[in-house]
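Asks:
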Amino acid sequence: MNQAHEADTLSYPERGATLRTPLPAGYHHLRHRARIGTGRAAFEAAGTAVTTFAMHRAAGLRVRADRERAEPGVRLANALDIGPLAIAVPCEVVWAAYERDLMGFAYGTRPGHPERGEESFVVELDADGAVWFTVTAFSRPATWYTRLAGPVVPFLQMRFARLCGRRLRRIAGAA
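Just add 95 to wherever you are in the sequence shown, counting from 1, and you've got our numbering.
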């Protein structure tokens with residue numbers, strides 16, 4: 096796994112903590128794992144979709160990244176349109192994995208993001224050929240409106256993780 100070391104660009108101190116257990120205390124934790132397909136072709140298709148941000152786009156986000164592929168240090172802004180409002184969320188890739196049976200990355204929040212924390216998106220091919228997608232995250236509110244939203248934010252984060260899994264299942268099935 097590749098890691099960048101410019102911790103001052105993030106809005107939280109635990110850079111890379113989605114690679115370790117337990118996740119940092121003092122945050123809401125999210126873990127979601129879903130089987131999305133079978134075989135090498137499904138793994139490659141899903142891994143590519145995750146690491147090129149195509150999964151995020153398929154889930155309805157507008158993504159602006161300074162590179163086409165997730166690598167440590169890549170800065171991106173995801174935008175979600177909610178009616179007439181657009182919420183932009185600045186992030187930075189903190190680690191990326193491009194291994195034979197594991198592909199994915201994590202991004203961390205930058206100043207201006209409504210949350211503080213990190214989220215990883217990983218696709219794995221296990222020994223029996225099953226392809227799994229896992230989202231791991233830790234976050235806490237960084238703005239008045241996410242504090243005010245309380246338990247709605249973790250609910251929406253889990254909903255987004257499940258949506259990503261469904262979109263990847265479609266992508267993997269088309270491979």
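Cβ atoms here follow ideal geometry from the backbone N, Cα and C, with glycine treated the same way.
Looking at the strands, I want to know which residues DSSP matches up with HIS127.
Replies: Here residue 127 is taken as the residue at index 32 of the sequence shown, counted from 1. Partner(s): VAL230.
Asks: Between ARG235 and ALA172, what straight-line distance do the alpha-carbon atoms span, to the nearest angstrom?
Replies: Stepping through the sequence shown from its first residue, residue 235 is reached at position 140. Stepping through the sequence shown from its first residue, residue 172 is reached at position 77. So the two alpha carbons sit approximately 19 Å from each other.
Asks: Tell me the rounded alpha-carbon separation between ALA129 and ALA112.
Replies: To locate residue 129, count along the sequence shown from 1; it is residue 34. To locate residue 112, count along the sequence shown from 1; it is residue 17. About 21 Å.
Asks: Put CYS259 into one of helix, strand or coil per three-state DSSP.
Replies: By 1-based counting over the sequence shown, the position of residue 259 is 164. Looking at CYS259 - three-state DSSP - the assignment turns out to be helix.
Asks: First and last residue of the alpha helix (DSSP H) that includes GLU109?
Replies: By 1-based counting over the sequence shown, the position of residue 109 is 14. Unbroken run through GLU109: none, as it is neither H nor E.
Asks: Is the beta carbon of GLU214 sitting closer than 8 Å to the one on TRP227?
Replies: The residue labelled residue 214 in the question sits at position 119 within the sequence shown. The residue labelled residue 227 in the question sits at position 132 within the sequence shown. The answer is no: Cβ separation not under 8 Å.
Asks: Apply the 10 Å Cβ neighbour rule to PRO108 and answer buried if 16 or more other Cβ atoms are within range, or exposed otherwise.
Replies: In the sequence shown, residue 108 corresponds to position 13, counting from 1. It counts as exposed.
Asks: Please classify CYS186 as buried or exposed, where buried requires at least 16 neighbouring CB atoms within 10 angstroms.
Replies: Mapped onto the sequence shown, residue 186 falls at position 91. So CYS186 counts as buried.
Asks: Based on DSSP bridge pairs, tell me the residues matched to ALA181.
Replies: The residue you call residue 181 lines up with position 86 of the sequence shown. DSSP, once it has assigned bridges, lists ASP176 as partnering ALA181.
Asks: Does the pairing of the region 149 to 164 with the region 237 to 253 give three or more beta-carbon distances under 8 Å?
Replies: Touching, no.
Asks: Following the continuous beta strand (DSSP E) through TYR240, name the residue where it begins and the one where it ends.
Replies: Numbered from 1 along the sequence shown, position 145 holds the residue referred to as residue 240. Segment 239 to 244 is the alpha helix (DSSP H) holding TYR240; no beta strand (DSSP E) there.
Asks: Considering ALA160, what are the terminal residues of the beta strand (DSSP E) in which it resides?
Replies: Working through the sequence shown from its first residue, we reach residue 160 at position 65. Where ALA160 is concerned, the enclosing beta strand (DSSP E) stretches over 157 to 160.
Asks: Quick one: what does DSSP say THR204 is sitting in, helix, strand or coil?
Replies: Here the question's residue 204 lines up with position 109 in the sequence shown. THR204 falls in the strand class under three-state DSSP.
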